[in-house]
Amino acid sequence: GTFSAKFTAISTAMTEQKVEHALKTGAEYIVSTESSCIMNLEGYILKNNLPIKPIHIADILAAGWEG
Numbered sequence: 006g007t008f009s010a011k012f013t014a015i016s017t018a019m020t021e022q023k024v025e026h027a028l029k030t031g032a033e034y035i036v037s038t039e040s041s042c043i044m045n046l047e048g049y050i051l052k053n054n055l056p057i058k059p060i061h062i063a064d065i066l067a068a069g070w071e072g
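So this is what it looks like as structure tokens:
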């Protein structure tokens with residue numbers, strides 16, 4: 006989004022830190038409510054071939070609703 010375009014270095018550092026912390030916990034997913042954040046995380050994760058997936062909270066709620 007706009008933040009990652011205007012503040013690339015800060016955005017990259019935040020992304021690296023979020024993914025690193027999530028991986029240390031053994032999490033399979035990083036959950037967010039912000040679509041541009043998810044796209045940024047996904048790009049970083051795919052680029053680095055990491056075993057974690059970003060997902061929007063609405064997708065989790067919808068999956069639970071569907072059963």
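The sequence shown begins at 6 in the numbering used here and counts up by one. Idealized CB from N, CA, C, for every residue including glycine.
Residue i, enclosing alpha helix (DSSP H) - first and last residue
i	result
I15	T13 to T30
I35	Per DSSP, I35 belongs to no alpha helix (DSSP H); it is in the beta strand (DSSP E), Y34 to S37.
L51	S40 to K52
Residue i: first and last residue of the uninterrupted beta strand (DSSP E) it sits in
i	result
I65	Careful: I65 lies outside any beta strand (DSSP E), inside the alpha helix (DSSP H) at I62 to E71.
Option in the options with minimal Cα separation from residue i
i	options	result
Q22	T7, G6 and N45	N45
S9	K52, E25 and G48	G48
I57	A18, M19 and L28	L28
P59	V24, E71 and K52	V24
Residue i, buried or exposed, once every other Cβ within 10 Å from all chains shown has been counted against 16
i	result
T7	exposed
T30	exposed
Inter-residue spacing [alpha-carbon to alpha-carbon] between residue i and residue j
i	j	result
L54	I43	Note that residue 54 is Asn in the sequence shown, not Leu. C-alpha separation (whole angstroms): 16 Å.
Pairs of beta-carbons, one from the stretch 32-39 and one from the stretch 7-17, closer than 8 Å: are there three or more?
These segments do not touch.
Is there contact between the stretch 59-67 and the stretch 27-36, where contact requires at least three CB pairs shorter than 8 Å?
Yes, they touch.
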